[in-house]
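Residue numbers (my numbering), protein chains in the order written: chain G, 1 to 283; chain C, 284 to 581. See structure below.
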Amino acid sequence: MSHARRSVLVPSVMAFGFAFLYVPILAMIGYSFNNSRLVTVWDSANSPTLKWYSALWRNQQVLDAAWLSFRIALLNATGAAILGTLAGLVLARFGRFRGRTLFTALTTAPLVMPEVITGLSLLLLFVAMEQTIGWPAGRGVTTLTIAHITFSLSYVAVIVQSRLAGFDLSLEEAAMDLGARPVTVFLRITLPLIAPAIVSGWLLAFTLSWDDLVISQFVAGPGSSTLPMVIFSKVRLGVTPDINALATLMVLTVAVGVVIATVLLRRQERRRERDLRLAAGAD
Amino acid sequence: MAARGLRLGRLLVIGVPMGWLLLFFLAPFLIDFKISLSEVRLAIPPYAPLLEWADGKLVALHLHLTNYRYLFTDSLYVSAYGYSLKVAAVSTVLCLLLGYPMALGIARAEPARRNLLLMLVILPFWTSFLLRVYAWMGLLRNNGLINNLLLWAGVIDTPIQMMQTDFAVYLGIVYSYLPFMILPLYTNLEKHDGTLLEAAADLGAKPLAAFLRVTLPLSVPGILAGALLVFIPVVGEYVIPTLLGRPDQLMIGRVLSDEFFANRDWPVASAVAMLMLLLLVAPIVAFQRLQNNASEAR
Chain G
1 MSHARRSVLV
11 PSVMAFGFAF
21 LYVPILAMIG
31 YSFNNSRLVT
41 VWDSANSPTL
51 KWYSALWRNQ
61 QVLDAAWLSF
71 RIALLNATGA
81 AILGTLAGLV
91 LARFGRFRGR
101 TLFTALTTAP
111 LVMPEVITGL
121 SLLLLFVAME
131 QTIGWPAGRG
141 VTTLTIAHIT
151 FSLSYVAVIV
161 QSRLAGFDLS
171 LEEAAMDLGA
181 RPVTVFLRIT
191 LPLIAPAIVS
201 GWLLAFTLSW
211 DDLVISQFVA
221 GPGSSTLPMV
231 IFSKVRLGVT
241 PDINALATLM
251 VLTVAVGVVI
261 ATVLLRRQER
271 RRERDLRLAA
281 GAD
Chain C
284 MAARGLRLGR
294 LLVIGVPMGW
304 LLLFFLAPFL
314 IDFKISLSEV
324 RLAIPPYAPL
334 LEWADGKLVA
344 LHLHLTNYRY
354 LFTDSLYVSA
364 YGYSLKVAAV
374 STVLCLLLGY
384 PMALGIARAE
394 PARRNLLLML
404 VILPFWTSFL
414 LRVYAWMGLL
424 RNNGLINNLL
434 LWAGVIDTPI
444 QMMQTDFAVY
454 LGIVYSYLPF
464 MILPLYTNLE
474 KHDGTLLEAA
484 ADLGAKPLAA
494 FLRVTLPLSV
504 PGILAGALLV
514 FIPVVGEYVI
524 PTLLGRPDQL
534 MIGRVLSDEF
544 FANRDWPVAS
554 AVAMLMLLLL
564 VAPIVAFQRL
574 QNNASEAR
């Protein structure tokens with residue numbers, strides 16, 4: 001076909017693009033097993049080694065920061081999943097209402113807003129609030145969590161909204177016609193339909209929070225350094241082998257998690273489609 | 284009774300996320316604006332109050348435009364804004380040039396391969412931004428992997444200075460923001476009706492002509508969405524220029540951060556943020572229009 005002839009360009013750009021995306025990460029993973037402290041000299045006599053990984057276990061600063069980041073990411077993902085699901089529901093199902101334009105603007109702007117602006121503005125708000133109402137007292141887990149929820153709820157909203165847009169209203173309307181109350185319709189029909197989107201949203205919100213540096217730098221207090229903040233302060237001084245090891249662990253955990261989640265969600269999706277087909281065939 | 288309950292429920296579902304965003308997303312900008320009109324002061328917090336109260340009465344209102352005047356007169360700020368806009372524009376074009384063929388290739392792959400390729404695009408998006416930029420430091424340094432390979436292969440005699448250059452900044456930005464370009468493009472391209480291209484071919488159009496006159500015009504919304512998703516955040520980019528960029532030419536995100544953390548000049552940092560926001564209002568509004576159209580079209 002006509003596609004066949006020009007298809008040299010597209011596949012070669014694709015191959016280059018994917019190599020471009022993955023080579024740096026693979027190189028970093030490779031060097032995390034290098035024995036030499038000079039990151040770029042491969043000490044083939046004593047490598048591969050796990051010594052940088054075991055060094056991480058003894059680094060209390062890194063462990064504390066990881067624990068803090070983990071707690072914030074959990075709180076954030078849960079908060080963002082709840083608020084983001086509500087926002088996605090409003091965007092997809094509530095039609096027109098007064099203030100819809102503002103509502104849409106507020107939910108989509110955080111997706112593109114430069115982080116330095118969001119971070120600075122939120123910090124100024126927290127300072128002003130503390131001055132006037134005494135809350136939040138100081139900066140730490142609370143301010144970090146609020147800041148993270150604010151930017152990550154938009155991602156959940158977009159995911160939930162596009163999932164809902166993929167289903168027409170007929171199921172929900174049928175349930176309403178049969179006399180189900182709105183809350184029942186939501187719990188029995190809408191929620192199961194969007195559950196995969198909420199799970200993806202929760203996972204994305206978790207990683208967004210876990211990885212955030214810029215906004216956290218503004219709203220964190222003294223003594224509440226998140227893992228990216230600790231990494232950044234080390235990385236500014238140069239490449240170090242223990243950071244290579246830490247990065248490898250983080251990248252591999254996320255990669256494995258995303259692959260497993262994708263496979264599970266897809267399998268569940270197939271089962272649901274099959275059930276729907278069977279149900280349709282049974283009529 | 285039931286109708287009132289319904290209305291109340293509706294109000295709650297709208298009100299909870301709306302209230303959160305009004306308080307934690309919109310209100311901060313107003314405070315930012317207020318402080319940008321204030322004066323720096325050696326205090327905690329380090330700015331002068333705008334309003335002066337005495338016995339519960341407002342006695343004075345102090346507004347200072349000096350911070351803004353400062354931004355236009357000091358060449359540091361002017362050049363940082365200009366440089367940031369240039370870097371964002373060039374990176375957007377580079378992302379498009381690399382991302383478009385990739386999105387097209389994925390959209391036209393067989394369904395089974397398509398999911399795998401799509402996952403390969405999304406996966407970096409899930410891994411830490413900071414670590415992906417850091418990974419480049421290991422490749423670009425004077426004694427990094429690329430220079431070592433080139434030296435070993437005999438292509439060069441002395442290492443090429445790649446870190447702390449414009450090249451490294453563009454590389455880091457294209458690398459980090461490429462998925463933001465590919466995903467909206469893919470979403471758009473995947474929906475194209477293949478029969479249009481077949482019709483064009485039947486009518487004698489060469490593949491290039493069919494691409495230019497059918498596929499490209501249809502993909503304009505995808506291009507715009509991807510371009511805005513790259514351009515807007517890159518203007519305020521902080522991590523990439525700090526780790527990979529030139530020390531003699533700062534981007535505005537770095538300037539803002541330095542004003543705030545190093546100089547502790549909150550009013551000037553706020554003014555820098557406000558002016559950046561002003562520059563970005565038009566692209567942000569365009570992005571929202573696009574999002575609205577996309578959600579209404581479905």
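Glycine included, C-beta positions come from ideal geometry on N, C-alpha and C. This one's a predicted model, so the numbers in the text were calculated from it and none came from an experiment.
Would you check if the distance between the CB atom of residue i and the CB atom of residue j is smaller than 9 Å?
i, j, result
"residue 28(G)", "residue 417(C)", "yes"
"residue 85(G)", "residue 198(G)", "yes"
"residue 405(C)", "residue 258(G)", "yes"
"residue 423(C)", "residue 461(C)", "no"
"residue 517(C)", "residue 567(C)", "no"
"residue 226(G)", "residue 69(G)", "yes"
"residue 122(G)", "residue 311(C)", "yes"
"residue 157(G)", "residue 91(G)", "yes"
"residue 538(C)", "residue 555(C)", "yes"
"residue 519(C)", "residue 117(G)", "yes"
"residue 533(C)", "residue 363(C)", "yes"
"residue 170(G)", "residue 208(G)", "no"
What do you get for residue i, buried or exposed, if any count of 16 or more other CB atoms within 10 angstroms of its CB means buried?
i, result
"residue 148(G)", "buried"
"residue 211(G)", "buried"
"residue 576(C)", "exposed"
"residue 415(C)", "buried"
"residue 439(C)", "exposed"
"residue 71(G)", "exposed"
"residue 571(C)", "buried"
"residue 81(G)", "buried"
"residue 290(C)", "exposed"
"residue 564(C)", "exposed"
"residue 88(G)", "buried"
"residue 263(G)", "exposed"
"residue 139(G)", "buried"
"residue 161(G)", "buried"
"residue 217(G)", "buried"
Taking Cβ positions only, does residue i come closer than 9 Å to chain G?
i, result
"residue 469(C)", "no"
"residue 520(C)", "yes"
"residue 447(C)", "no"
"residue 419(C)", "yes"
"residue 543(C)", "yes"
"residue 515(C)", "yes"
"residue 525(C)", "yes"
"residue 530(C)", "no"
"residue 388(C)", "yes"
"residue 344(C)", "no"
"residue 353(C)", "no"
Distance cutoff 9 Å, beta carbons only. Does residue i sit that close to anything in chain C?
i, result
"residue 172(G)", "no"
"residue 182(G)", "yes"
"residue 269(G)", "no"
"residue 192(G)", "no"
"residue 83(G)", "yes"
"residue 244(G)", "yes"
"residue 70(G)", "no"
"residue 5(G)", "Because residue 5(G) sits at a pLDDT of 49, beneath the cut-off of 50, its placement in the model cannot be relied upon, and the following sentence gives the value as read from the coordinates. It does; some Cβ of chain C falls within 9 Å."
"residue 284(G)", "Shown here, chain G extends from 1 to 283; a query on residue 284(G) therefore has no answer."
"residue 133(G)", "no"
"residue 11(G)", "yes"
"residue 2(G)", "Bear in mind that the predicted position of residue 2(G) carries a pLDDT of just 44, short of 50, making it unreliable; the figure below should be weighed with that in mind. So, interface residue."
"residue 86(G)", "yes"
"residue 153(G)", "yes"
"residue 8(G)", "no"
Got a sec? Which residues, its chain only, sit under 7 Å from residue i by beta carbon, not counting five neighbours each side?
i, result
"residue 329(C)", "323, 547 and 549"
"residue 407(C)", "415 and 462"
"residue 613(C)", "The first residue shown for chain C is 284 and the last is 581, placing residue 613(C) beyond what the model contains."
"residue 530(C)", "447"
"residue 3(G)", "Unreliable positioning characterises residue 3(G) in this predicted model, as indicated by a pLDDT of 48, which lies under 50. A coordinate reading is not provided."
So with CB distances below 8 Å, who are the chain A contacts of residue i?
i, result
"residue 150(G)", "Going by chain labels, chain A is absent from the structure shown, which instead holds the protein chains G and C."
Going by beta carbon distance, what residues of the same chain come within less than 6 Å of residue i, once the five residues before and after it are set aside?
i, result
"residue 510(C)", "375"
"residue 77(G)", "202, 205 and 206"
"residue 425(C)", "442"
Leaving out five residues on either side along the sequence, give the residues of the same chain with a beta carbon under 8 Å from the beta carbon of residue i.
i, result
"residue 99(G)", "none"
Item to complete: Could you run through the region 202 to 233 of chain G and flag, in chain order, every residue whose CB is less than 7 Å away from some CB of chain C?
Response: 207, 211, 213, 214, 228, 231 and 232
Worksheet item: Of the residues that make up the region 557 to 570 of chain C, which ones have a beta carbon closer than 7 Å to any beta carbon in chain G?
Response: 559, 560, 567 and 570
Discussion item. Which residues of the region 110 to 126 of chain G have a Cβ closer than 7 Å to any Cβ of chain C? Give them in chain order.
Written reply: 110, 112, 114, 115, 116, 117, 120, 121, 122, 124 and 125
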